[in-house]
Structure formats: structure tokens, C-alpha cells
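To keep things clear, I will list the structure first and then write my remarks on it.
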Amino acid sequence: MNQISNNLFIEQKNNICIVRFNNLENVEDLFSKKTIQEIENLCKDQNIILLLFILENKKDIPINNQLSENLIEQKESLKNFFYKMTIPSVVLIDGICKDIYLEFALLCDMRLCSSSSKIVFPEYKSNNFIDERLFTLCGQRKFELMKKYFGKDTSITDLSETNFINLVLNSENYLNEALEFCNKIIINRTRLRVETITKCLNAYKDYYNYSNDIIMMEEEVKQFCWLVYKDFHKNSNQDGEVLNG
Amino acid sequence: MDNIILFEERGQIGHLILNDPPANKMTKDFFVEFHSLVREKIIKSSVKGIIIYGNRHYSSGADFGQIRDIVMASTTVDNDEIISYSSFLITTRNSLNFFSSLSIPVVSAIRGFCIGSGLELALYSHIRICGTNGMIGLPESTFGYLPGLGGTYKLASLIGYGKGSELILSGEILTAEDAYKYGIVDKVIHKNHVITYAEQLLNLIIKNEPNYSKKDALSYITKYENSIILDS
Numbered sequence: 015m016n017q018i019s020n021n022l023f024i025e026q027k028n029n030i031c032i033v034r035f036n037n038l039e040n041v042e043d044l045f046s047k048k049t050i051q052e053i054e055n056l057c058k059d060q061n062i063i064l065l066l067f068i069l070e071n072k073k074d075i076p077i078n079n080q081l082s083e084n085l086i087e088q089k090e091s092l093k094n095f096f097y098k099m100t101i102p103s104v105v106l107i108d109g110i111c112k113d114i115y116l117e118f119a120l121l122c123d124m125r126l127c128s129s130s131s132k133i134v135f136p137e138y139k140s141n142n143f144i145d146e147r148l149f150t151l152c153g154q155r156k157f158e159l160m161k162k163y164f165g166k167d168t169s170i171t172d173l174s175e176t177n178f179i180n181l182v183l184n185s186e187n188y189l190n191e192a193l194e195f196c197n198k199i200i201i202n203r204t205r206l207r208v209e210t211i212t213k214c215l216n217a218y219k220d221y222y223n224y225s226n227d228i229i230m231m232e233e234e235v236k237q238f239c240w241l242v243y244k245d246f247h248k249n250s251n252q253d254g255e256v257l258n259g
Numbered sequence: 064m065d066n067i068i069l070f071e072e073r074g075q076i077g078h079l080i081l082n083d084p085p086a087n088k089m090t091k092d093f094f095v096e097f098h099s100l101v102r103e104k105i106i107k108s109s110v111k112g113i114i115i116y117g118n119r120h121y122s123s124g125a126d127f128g129q130i131r132d133i134v135m136a137s138t139t140v141d142n143d144e145i146i147s148y149s150s151f152l153i154t155t156r157n158s159l160n161f162f163s164s165l166s167i168p169v170v171s172a173i174r175g176f177c178i179g180s181g182l183e184l185a186l187y188s189h190i191r192i193c194g195t196n197g198m199i200g201l202p203e204s205t206f207g208y209l210p211g212l213g214g215t216y217k218l219a220s221l222i223g224y225g226k227g228s229e230l231i232l233s234g235e236i237l238t239a240e241d242a243y244k245y246g247i248v249d250k251v252i253h254k255n256h257v258i259t260y261a262e263q264l265l266n267l268i269i270k271n272e273p274n275y276s277k278k279d280a281l282s283y284i285t286k287y288e289n290s291i292i293l294d295s
């Protein structure tokens, strides 16, 4: 395990890079350039095909919403990092998730929550990052339901019907449960296969605001053809015949 | 290759019937016929609503052996960069997207398998009614591919990026009840009543909703269910 700061640890478990934030005292750790660089370096390893963030926060400490310019810049860098990342990200929430923690959780592709966690959504305001992101995360069919929880402390049970949470972790050993979930997603997948799917989904993140269906779907056709092409040549070279579909 | 798909106008409703048993495998011939049916018949039709269904199964998805051959014949790569790629896929996707862009209601009535490109077709419909025996999913990633006809975008926009990513990456096949829980299908009903339900729902929309909007799909189902309660 690699300790980055007092509250930040990074380790690799098979194909999964685990980044653990533990009761952060300084929220800037969550967005620091050093954190991003460390994760980027780990992702260069082609064996890594999924990022699991663990967000443990047992203290309900009010966070100053007057963010420093430095922190705003760091948040933007982190957002860019997530939007360009070509492997999927999962966040495990344990404890209280609000303010900056919530923003971090929203940047990840999938969310797992321990059953005792609490998520606090701000009041609904259109055109802000949290609401836009919640729309893309919950989809057309569940966003209206999701709006009920704006401005409220929300139990994990209520949220489970909104598609906001992928899985509620009930066992005491929730890390193992989270790893099982991650393995279900990446088992027998190569980095190339995971990357092509993630790039298609990234196009959705990038372009949904412009409602440009064609651009989003063009990326998918391109990635599909690229995957077929690469697989064909890989299998032709190694086995003398193509992979069966 | 005739009659793999039928389009029948019955009153104000157009029935698009996938007619290639046992499971409506989407072959190259299927997509060619689908495209010509859309361009030559459906686009000229004056029906007020469309229902899409198969017989025992909706569709078990594309024939990947054939799709792979088509892609390999038309993809050009230079210096590890893709230069050109299959126009067949784009034409096929545009044929499916035709239903999404219609201003009249389009309902998929799903029984049995609705997987891979079969689900992609259903996702271009405005409303999905599913039988209790429905099997729903995009399993492409489990055999090394990804959905190529708009499935990643359509699923993510319908049920959200979070659950959509999980289902596309895992390739999990869902029961009808789970598909309903996540919002992929809008109603689950006994498999024997799926077509009737979809037809009656369409009739109600045609009769009572002159300002039909696909964004209000769920409210039409509620209105239909309320009308059944009132009738009984």
C-alpha cells in the first residue's frame, strides 16, 4: 500500500487500483494535483482495468463553501481527469456524503454504498454541476424520482430505486462485497475491451448537454469497428484464425 | 430473403412483426430488409402509431459472425488510427433511429429474448411493454464486443450513466422484473397479454392525446391503467 498523505492510500489488487480516502481533514487532498498524478501513473499499467475509490467519512464536519481559487482549479482538473479516463471508476461510500464528497462521488461512473451511509443532496437548481450530473447518472426514467430527494438527508434504502446507487453493501465486510461487484464487471475483460466501452460512455458524458445523438453514436460505431479490427488481427496473428463471435 | 419482417397496417396501427423464427436473429439480410421496409413502406404509411414485436421471442440479437465480416471488409486503419469504417452499421443505426424520431407513438411489445441488437431496436421505441418471460440485456461485452447500433448511448440516457455502465460492462441479462426496476421496460405483464396491452395503450394515445410526446410515455401508461379501473 502506498501512503500519499495522512488520509490517502493507494494500492493495487489484481486488475483493480484501490484509492482510499479516510476521514479527510483537508478536503483539498481529494482534488490535489499529487492525487491525480499518482492515479494517472498507476493507470499507465495496462493490467489496471478499474479504479475503486473508497470514501470513508464518519465526521459530519461543515465544509466551507467559499472555495479558494486554488481548489476550484483543482476541481476542474479532477473533472477533466474523470471525463477523459478510459477505464471505469467505482466509488464506495461509507459514512456521510455531502458537499465536496458528493461532487467527488458524482464524478465516478458507479456508486456503491454501505447501508449505514447517508447522502445529503443540495436544493434543486437547474444548470449547476450536481443537478446536471444527477440527470445523466439517473437517466430520463428516474430523474423525476430523484428530484424528490433534493435538499434532504436521504437514506440509502430510498435512493436504491433511483439508479443513483448501483449496489447497497449490507455485509460487515463491505470491501469484499465491493470487490466482488468490480470483478463481476471486469472478469475476463481485456484493457482494450474495457477502454472501448468506456470511450463510448465518455462521449455520452461529453455530448449529452448538446443533445447531439449522432456524435455520441458515431463514437460508438468507431469504437465497435476498432475493437473488431484489433481482435481480428490479434487472433489472426496468434492463432491463425479469427475469434468466434 | 423475403418476409423476415412484416409491416401490416391494421386500422390506425402499424404492426412491425419480426418474423424469422425461432428467435429473430438479426442477420445481414434482416438489416437490409429492415432498412428497405423503413425507407419504402413505413415512411409512406399514414398510421397513427406503431407496435413492434416478434412471435415467441422479440430478438436474440445480431449475427456477430456476419457483422464482423462486414466490419473487416470496410474498416481502414493507418498508423493505429481508424480512417474509415462501416457505412452498413451507420445505415442500419439510422434505420433504427427513424423510430425514435417519429412524432407518433412507437411501442415495443417484448416477449422472450430481447438481447443485444434486439434490445437496441427496443430502446429506439418510445415505450416498452414486457412479458413476464422477457430476458433483457446487452451481452456483447461477454463475448468480446460492445453494442454497435447506439445501445450504449440509448441505454445510458434512458436509465442513467451509472446503471447503464454496469449493465453494458457486465453484459448481464436481466429478468423482466429487474428490467422494470431499473426503468428499461415501462410495464411488465403476463406474456399472453403483451400485444393486446400494447395495442390498447396505442389506441388510447391515438384517441385521447393529440399532443403526444414521447417524454410523457409513463403518464400514458398510468392513464391507460386508470381507464381500465374505471371500465371495470
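Heads up: the protein sequence lines correspond to chains R and E, in order. Per my numbering, the very first residue in the first sequence carries number 15; after that it's consecutive. Per my numbering, the very first residue in the second sequence carries number 64; after that it's consecutive. Here a beta-carbon is modelled for each residue, glycine too, at the ideal position from N, C-alpha and C.
Give a yes or no on whether 9 Å exceeds the smallest Cβ distance from R/C214 to chain E.
Contacts with chain E at 9 Å (Cβ-Cβ) include R/C214.
Using a 10 Å radius around the Cβ and a threshold of 16 neighbouring Cβ atoms, would you call E/A136 buried or exposed?
Around the C-beta of E/A136, fewer than 16 other C-beta atoms lie within 10 Å, and the residue is accordingly described as exposed.
Would you mind stating whether E/I30 and E/L182 have Cβ atoms separated by less than 9 Å?
This structure cannot speak to residue 30 of chain E, because chain E is shown only from 64 to 295.
Less than 7 Å between C-beta atoms, sequence neighbours within five positions excluded: which residues of the same chain meet that for E/S149?
Result list for E/S149: I133, V134, S137, T138, in chain order.
Let me know the secondary structure DSSP gives R/M160 once reduced to three states.
Residue state, collapsed to three classes: helix.
Do we get a CB-CB distance below 9 Å when we pair R/Y97 with the residues of chain E?
Judged by the 9 Å Cβ criterion, R/Y97 is not in contact with chain E.
Whole angstroms are fine: how far does the CA of R/I63 sit from the CA of R/Y188?
Using only the alpha carbons, I get a separation of about 21 Å.
Would you say R/D227 lies against chain E (beta-carbon separation less than 9 Å)?
By this cut-off, R/D227 is an interface position.
Taking the DSSP output, what are the residues bridged to R/F67?
R/V33, R/V105.
Please confirm whether E/I269 and E/K111 have their CB atoms less than 9 Å apart.
Judged by beta-carbon spacing, E/K111 lies within the 9 Å limit of E/I269, meaning their Cβ atoms are closer than that value.
With distances taken from CA atoms, which of E/Y287, E/I153, E/P210, E/C193 is nearest E/S180?
That would be E/P210, whose Cα lies nearest to the Cα of E/S180.
Can you find at least 3 beta carbon pairs, one from the stretch 156–170 of chain R and one from the stretch 134–144 of chain R, that sit closer than 8 Å?
Cβ pair count under 8 Å is three or more, so yes.
Tell me whether the stretch 156–171 of chain E and the stretch 194–207 of chain E touch, counting them as touching only if at least three CB pairs, one residue from each stretch, are closer than 8 Å.
Output reads no: the stretch 194–207 of chain E does not touch the stretch 156–171 of chain E.
Comparing the C-beta of E/N160 with each C-beta of chain R, is any distance below 9 Å?
It does; some Cβ of chain R falls within 9 Å.
Compute the Euclidean distance between the alpha carbons of R/N258 and R/Y163, then round it to the nearest angstrom.
Unreliable positioning characterises R/N258 in this predicted model, as indicated by a pLDDT of 33, which lies under 50. A coordinate reading is not provided.
Under 9 Å, CB to CB, which of the residues in the stretch 206–223 of chain E have a partner in chain R?
Contact residues of the stretch 206–223 of chain E toward chain R are F206, G207, Y208, L209, P210, G211, L212, G213, G214, T215, Y216, K217, L218, A219, S220, L221, I222, G223 (C-beta to C-beta distance below 9 Å).
Looking at chain R, is there any beta carbon in it that lies within less than 9 Å of the beta carbon of E/S228?
Answer yes: the Cβ-Cβ gap between E/S228 and chain R drops below 9 Å somewhere.
Per the DSSP calculation, E/K250 is bridged to which residue(s)?
DSSP, once it has assigned bridges, lists E/I192 as partnering E/K250.
Rounded to whole angstroms, how far is the Cβ of E/I173 from the Cβ of E/Y121, which I believe are closer than 8 Å?
Taking 8 Å as the upper bound for CB-CB distance, E/I173 and E/Y121 are in contact here, some 5 Å apart.
Taking a Cβ distance cut-off of 7 Å, strictly less, list which residues of the stretch 141–173 of chain R are near chain E, in chain order.
The stretch 141–173 of chain R vs chain E, Cβ under 7 Å: T150, L151, C152, G153, Q154, R155, K156.
Can you tell me the Cα-Cα spacing of E/Q263 and R/I101, whole angstroms?
One C-alpha to the other measures close to 45 Å.
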